[in-house]
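*Asks:*
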Amino acid sequence: MTPPPLLPRRMAGAFALGCAVLAVLPALDLSPYAHNQLTLSYVMIAGALAWNWMGGFVGQVSFGHAAMFGVGAFVAGRLMLDGLPAPLCWLAGGAVAGLFTLPVHPTLRLRGPYFSIATIGIGEVSRVVFTYWEGFTGGATGLSLPVTAVQKYQLYWWALALAAMVALASIVIRRSSFGLRLLAIKADVDAAADVGISAALYQDVMFALSGAVIGVSGGIFASYFVFIEPGDMFGFDRSIAFVLMAVIGGVGTSLGPALGAVVFVVLRTQLLASYPELHLGLYGVLVIVIILFQPLGITGLLGSLARALARRMQRRIFGRPRRTPPPAPGEA
Amino acid sequence: MTHRPCFASCPLLLALAVVSTLGACKPKSTPAADRTEIAIGATLPLTGTEARIGGYFKEGYELAFEEANQRGGLAVGGKKLAVKLTLYDDTSTQATAVSLADKLINSDKVDFLLGTYSTALVQAQSTAAEQNKVPYVNGGGAAAEIYKRGYKYVFGALSPVQLLGTTLMTWLDEQQKAGKLPKPSKIALLWENSSHGKEFRQGVAEFAAKSGGSYEIAVDESFQLNGKDFSPLLGKVKAAGTDLMLVDAHLQDYITMHRQYIDAGLCQKIVSYGARGAENDAVKALGRDNVDYVLSGVWWNAQLATTNPLAKKFVDAFKAKYAGKTPEWGQALGYEAARALFLAIEQAGAVDREAVRAKLATLKIDSLLPGGVLEFPAATGGQMQASFVVQQNMPDGTSPIIFPKDVASAAGVAPNPHCKP
Amino acid sequence: MSRFVDLTLSTVLLTGLYATMAYGLGLIYGVLRVVNLAHGGVIMTGAYLGWILYVRLGIDPYLTIPIVGAICFGLGVAMYSGLVRWLPRGAAGGPASLLLLFGVWLVLRNVAYGLFTGNDQAILTSYSTRSVAVLGLHVPLTRLVVLGIGLAIAALLHLLLRRTLVGRAIRAVAQNADSCTLVGIDVNRIYMLTFGIGTALSGIAGVLLATVFPFNPNAGAPELLKSFVVVVLGGLGSVWGIALAALVLAAAETYAVLIMPSYLTAAVGFVLLVLVLVLRPGGFFGHRILA
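Residue numbers (this note's numbering), protein chains in the order written: chain A, 37 to 368; chain B, 15 to 435; chain C, 431 to 721.
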């Protein structure tokens with residue numbers, strides 16, 4: 037039996053088409069607001085997908101990804117201030133953020149909530165230390181980056197390219213035997229070790245990759261916002277945001293977190309604007325409802341909708357007599 | 015995972031979602047002749063760490079808008095145009111403040127922006143205004159750093175925090191020269207690790223350095239916002255045998271720290287928490303006796319009403335609107351920022367961003383702020399430079415202005431008579 | 431020398447505070463294996479409840495403790511039976527429960543903003559700033575009371591778990607829920623009860639904190655993080671372990687000021703947290719469940 041191709045031709049074609057449409061979208065007289073929101077969405081899509089590599093694929097839910105996000109942003113920012121071209125700075129930021137995960141390696145032995153709590157610790161230590169480290173981050177004064185309006189406009193395509201690459205990587209990882217091994221680790225570390233999968237190695241690799249991508253998205257994020265400040269970039273809220281995006285979209289699915297990121301970026305701004313006095317609570321309720329009723333988030337919801345629709349179509353086309361309705365899937 | 019996500023549809027779905035939610039295409043702008051109102055946008059931290067002062071600014075903005083509309087609106091080019099405020103909550107986070115400013119400019123199509131509160135938020139948000147070339151008048155960004163970036167559309171009515179440090183030191187220096195404070199005085203300088211705190215520190219430190227040995231900074235430490243235990247830090251202050259303690263803190267930290275200060279049995283000749291000190295909330299939380307003789311420097315105080323007619327008008331109007339409540343500096347600065355923008359629009363004679371920007375740059379108007387004049391000098395990058403007013407809490411429960419002399423209503427007391435020598 | 435004495439005093443007082451904050455989180459984790467991320471929110475709720483009872487009804491803040499405890503017990507029971515109960519148990523429930531309870535926290539925060547605005551509040555009584563002299567040292571009364579109540583709670587919790595039938599059932603469930611079902615213990619009821627007690631403890635911690643610190647709807651995040659550190663150091667679920675861990679954390683943070691800038695002492699606890707998790711995942715004091 038030959039293994040299924042990592043990326044079937046039809047899927048690849050559709051994906052390329054989708055990206056191409058997005059790439060030419062700004063030509064269609066797109067309003068600057070939509071342009072900016074899309075740019076930010078792409079950055080966050082990359083971040084959320086990268087978080088999902090750890091939180092979803094390996095099952096190590098991190099509450100400290102802001103550390104890598106911030107490292108990437110400040111390394112990129114520093115280099116930009118030294119006059120290096122932006123894309124180079126982002127890559128360097130990503131590389132340093134990836135390396136930053138190496139000293140954190142011992143925490144990967146921990147599982148479940150222990151790992152989550154340890155990452156909270158790492159996130160907070162980074163926040164305090166980097167806020168204090170004025171020479172690098174500018175301390176509480178932060179850094180203002182030399183980004184012009186034109187460069188900011190162009191970020192759209194850079195961010196889209198990053199998001200597309202990360203999305204593609206997510207699909208490929210998920211479908212590869214590498215992804216299957218990650219699933220085995222997620223299901224049971226010890227059993228995975230018994231069949232010869234070195235959990236430590238795989239987790240290290242994924243953590244470094246995830247950190248590097250988060251770092252790159254941090255760098256682009258910094259360019260987008262022009263001004264960055266360590267208290268905000270390394271904040272606990274930012275770590276939580278990655279978790280929320282993945283949860284809303286669907287933890288562990290290959291592309292769900294991307295949807296979560298879009299909802300997070302767009303919905304948040306709209307919610308804040310329309311229901312300022314309720315936005316926190318609405319968020320809370322949304323998270324509660326998703327966790328309780330649809331653990332796969334929007335992806336799961338779309339899945340059950342699609343199935344329901346398919347059944348309906350089937351009935352209509354074949355005119356099957358209606359009997360007892362089948363139990364709705366996904367109901368807890 | 016048995017689900018089969020439709021990979022291909024994802025990017026398309028995404029684009030569809032965003033485009034439909036945001037009404038993607040550029041709407042046609044309304045011709046100037048049909049215009050009946052001027053849209054002004056702002057965000058404020060109504061929740062999160064800065065919520066308290068954010069709420070003050072909101073009251074100031076609302077009063078300014080109400081007054082303008084009661085007059086029938088702004089007189090622009092021979093027509094009266096109503097002003098409409100679109101106000102969002104930026105939750106005290108920078109990214110949200112920027113995103114909402116972007117929404118205000120590019121989606122809600124506001125004509126001008128008023129600023130948010132707190133230096134970090136203004137610093138982040140003003141980038142969006144500058145890049146979109148929208149005039150941005152704020153009363154909440156104090157750090158001089160904001161105005162050193164060469165921005166052309168950003169105007170600040172709040173004087174730099176560094177001046178707060180300098181003003182306090184100037185008063186202290188007078189007392190030292192009068193022999194009321196030891197020479198040299200040992201200072202404990204504590205500051206919250208924010209740009210606010212850093213600039214306060216700079217103001218005090220530079221003054222001390224230039225004093226030629228009259229002041230020695232014996233403790234110079236930053237601390238974490240919303241700290242719980244300052245006693246080790248206060249222990250350092252005690253061990254260093256300092257005469258004066260100058261702190262820059264948020265209200266919450268002021269209350270916590272001062273309680274622990276009293277608990278530690280400390281009593282120094284002069285204590286100041288920067289801009290904090292006279293707040294009613296603090297008096298309620300610490301007890302009247304415990305805040306006696308605490309020195310504070312603020313951008314504005316309602317007592318200025320006795321010497322400044324505009325301030326009196328503002329205080330009266332504010333009390334009428336808010337059931338007798340006395341405004342603090344936040345409301346006054348919010349009000350003043352909005353008023354400056356309104357006047358610039360009227361003087362420009364058109365709802366035109368470039369014309370209003372040019373007017374703002376040369377604006378010079380009577381003001382309720384100390385000094386009585388509001389302008390955004392180009393030399394400071396568009397930041398107002400008014401003196402601070404120094405207040406001191408007195409045992410009778412008042413906090414009179416003691417400095418500068420032209421607005422002072424009482425003489426300051428130094429050293430703290432409660433302390434045993 | 432006096433510097434050393436001062437720091438030691440600070441350590442002891444801070445211990446009371448940290449221990450009080452952490453019991454609720456520790457108990458719930460020890461029995462249900464659920465990390466109550468709403469802990470910070472409940473602390474904030476307790477603070478507001480105590481404050482409102484004091485300001486509106488004039489009840490002494492320390493006497494509001496039973497009332498606040500009862501209300502928060504009810505809140506905890508509701509949270510358990512309405513939400514936490516429906517989560518999958520075991521490893522899969524871990525991250526899910528974290529997020530679920532984070533959602534609860536957001537809702538609590540929103541309610542507090544709606545009711546009380548974002549202003550700082552504080553409880554000021556006639557004795558709030560009074561000090562007592564102990565061995566020639568100024569000791570703030572409220573901090574001393576918090577320490578005392580913190581110790582009393584530890585003792586009561588210990589007695590409850592050790593000497594009562596319910597306590598034994600709780601410990602049994604903590605050790606092995608499946609066998610408990612076999613011997614006729616209603617595991618679900620015990621979980622509900624534990625969650626209620628844990629939440630009540632968090633609420634009480636809120637009242638105690640409110641007598642010492644100002645607070646607003648945003649309060650709770652630093653408390654939650656500190657509680658994590660304490661609970662992890664103490665071995666996730668042992669009463670005296672938590673008290674001891676609180677002492678270790680307080681000492682580390684307090685004495686750190688001697689060797690580093692005061693700002694960086696905030697990181698000390700988290701460094702400790704990560705080190706202990708990595709080096710001794712069972713906590714400093716071994717992994718004895720609710721011993």
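Don't be surprised by glycine CBs; every beta carbon is placed ideally from N, CA and C.
Taking Cβ positions, are A/GLY129 and A/GLY108 nearer each other than 8 Å?
*Replies:* yes
*Asks:* Would C/LEU444 count as contacting chain B if we go by Cβ distances under 8 Å?
*Replies:* yes
*Asks:* For the beta strand (DSSP E) holding B/GLU51, just list the boundary residues, first then last.
*Replies:* 51-58 is the span of the beta strand (DSSP E), which, as asked, contains B/GLU51.
*Asks:* Report yes or no: do the stretch 285-303 of chain B and the stretch 654-673 of chain C share at least 3 C-beta pairs separated by less than 8 Å?
*Replies:* no
*Asks:* Could you say which of A/LEU124, A/ALA200, A/THR137, A/ALA112 lies nearest to A/ALA56 if we only look at CA atoms?
*Replies:* Out of A/LEU124, A/ALA200, A/THR137, A/ALA112, A/ALA200 has the C-alpha closest to the C-alpha of A/ALA56.
*Asks:* Return the CA-CA distance between C/SER609 and B/LEU135, expressed in angstroms with no decimal places.
*Replies:* 56 Å
*Asks:* Could you check which residue in B/ALA393, B/ASP234, B/SER199, B/GLU73 has the C-alpha nearest to that of B/PHE214?
*Replies:* B/ASP234
*Asks:* Please classify C/THR629 as buried or exposed, where buried requires at least 16 neighbouring CB atoms within 10 angstroms.
*Replies:* buried
*Asks:* Output needed in chain order: residues of the stretch 650-679 of chain C with a Cβ under 8 Å from some Cβ in chain A.
*Replies:* ALA651, LEU655, PHE658, VAL659, VAL662
*Asks:* Taking 8 Å as the CB-CB limit, is C/VAL461 close to chain A?
*Replies:* no
*Asks:* Could you check the C-alpha separation between B/LYS42 and B/SER121 for me, to the nearest Å?
*Replies:* Any reading at B/LYS42 must be qualified, since the residue scores a pLDDT of 48, below 50, and its modelled position is unreliable; the value itself is stated next. Answer to the nearest angstrom: the Cα atoms are 12 Å apart.
*Asks:* In chain order, what residues of the same chain have a beta carbon less than 6 Å from the beta carbon of B/ILE379, not counting five sequence neighbours either side?
*Replies:* LEU357, LEU388
*Asks:* Might you give, ordered along the chain, the residues of its own chain that have their beta carbon closer than 8 Å to the beta carbon of C/PRO496, omitting 5 neighbours on each side?
*Replies:* Excluding sequence neighbours, C/PRO496 sits near nothing in its chain.
*Asks:* Can you find a CB in chain C that lies within less than 8 Å of the CB of A/LEU53?
*Replies:* no
*Asks:* Should the stretch 343-361 of chain B be called in touch with the stretch 75-93 of chain B, which here means at least 3 C-beta pairs below 8 Å?
*Replies:* Counting Cβ pairs under 8 Å, three or more are found: they touch.
*Asks:* Strictly below 7 Å CB to CB, what residues from chain B border C/THR475?
*Replies:* Per Cβ cutoff of 7 Å: no residues; C/THR475 is ~16 Å from chain B at best.
*Asks:* Does the beta carbon of B/LEU178 come closer than 8 Å to any beta carbon on chain A?
*Replies:* no
*Asks:* Once the 5 residues before and after B/THR57 are set aside, which same chain residues still bring their CB inside 6 Å of it?
*Replies:* Non-local beta-carbon contacts of B/THR57 in its own chain, meaning distances under 6 Å to residues more than five positions away in sequence, involve TYR102, ASP104, ALA111, LEU114, THR130 in chain order.
*Asks:* When the distance is taken between beta carbons, is B/VAL148 closer than 8 Å to B/ILE119?
*Replies:* yes
*Asks:* Tell me C/SER561's beta-bridge partners as DSSP assigns them.
*Replies:* C/PRO570
*Asks:* Below 8 Å between beta carbons is the criterion; list the residues of the stretch 56-79 of chain B that meet it against any residue of chain A, in chain order.
*Replies:* LEU60, THR61
*Asks:* In its own chain, which residues sit with a C-beta less than 6 Å from the C-beta of C/ALA452, not counting the 5 before and 5 after it?
*Replies:* SER657, VAL660, VAL661, ILE672
*Asks:* Would C/ASN540 count as contacting chain A if we go by Cβ distances under 8 Å?
*Replies:* yes
*Asks:* Who are the neighbours of C/HIS568 on chain B, taking C-beta pairs under 7 Å?
*Replies:* Ordered by position in chain B, the residues that pass the 7 Å Cβ test against C/HIS568 are ASP277, ALA278, GLY279.
*Asks:* Can C/VAL698 and C/ALA477 be called in contact, C-beta distance under 8 Å?
*Replies:* no
*Asks:* Who are B/LEU309's beta bridge partners in DSSP?
*Replies:* Its beta-bridge partners are B/SER286, B/GLN406.
*Asks:* Assuming C/GLY633 contacts C/VAL507 under a Cβ cut-off of 8 Å, what Cβ separation, rounded to an integer in Å, is found between them?
*Replies:* Their Cβ separation, rounded to whole angstroms, is 12 Å, which puts C/GLY633 and C/VAL507 out of contact at 8 Å.
*Asks:* So C/GLY533 contacts chain A; which residues on that side make the cut at Cβ distance below 9 Å?
*Replies:* What C/GLY533 touches in chain A: TYR319, GLY320, VAL321, LEU322, VAL323, ILE324, VAL325, ILE326, ILE327.
*Asks:* How big is the Cα-Cα spacing for C/VAL708 and A/ALA154?
*Replies:* 8 Å
*Asks:* Looking at the secondary structure, which residues open and close the beta strand (DSSP E) in which B/MET259 lies?
*Replies:* 258-262
*Asks:* Taking the alpha helix (DSSP H) that B/ALA103 belongs to, which residues open and close that run?
*Replies:* It should be noted that the sequence gives Asp, not Ala, for residue 103 of chain B. No alpha helix (DSSP H) holds B/ASP103; the beta strand (DSSP E) holding it covers 93-103.
*Asks:* Could you tell me whether the Cβ of C/PHE546 comes closer than 8 Å to any Cβ of chain B?
*Replies:* no
*Asks:* Examine chain B for any beta-carbon lying closer than 8 Å to the beta-carbon of C/ILE719, and answer yes or no.
*Replies:* A caution first: C/ILE719 carries a pLDDT of 40, below 50, which makes its placement in the model unreliable, though a value can still be read off. Not an interface residue.
*Asks:* Can you tell me the Cα-Cα spacing of A/PHE93 and C/VAL461, whole angstroms?
*Replies:* 28 Å
*Asks:* Which one of B/ALA337, B/ILE52, B/ALA369, B/THR141 has the shortest CA to CA distance from B/THR100?
*Replies:* B/ILE52
*Asks:* Does B/LYS42 get closer than 8 Å to chain A when you measure Cβ to Cβ?
*Replies:* Summary for B/LYS42: the model assigns pLDDT 48, below 50, so the residue's position carries little reliability; its value from the coordinates is reported in the next sentence. Not an interface residue.
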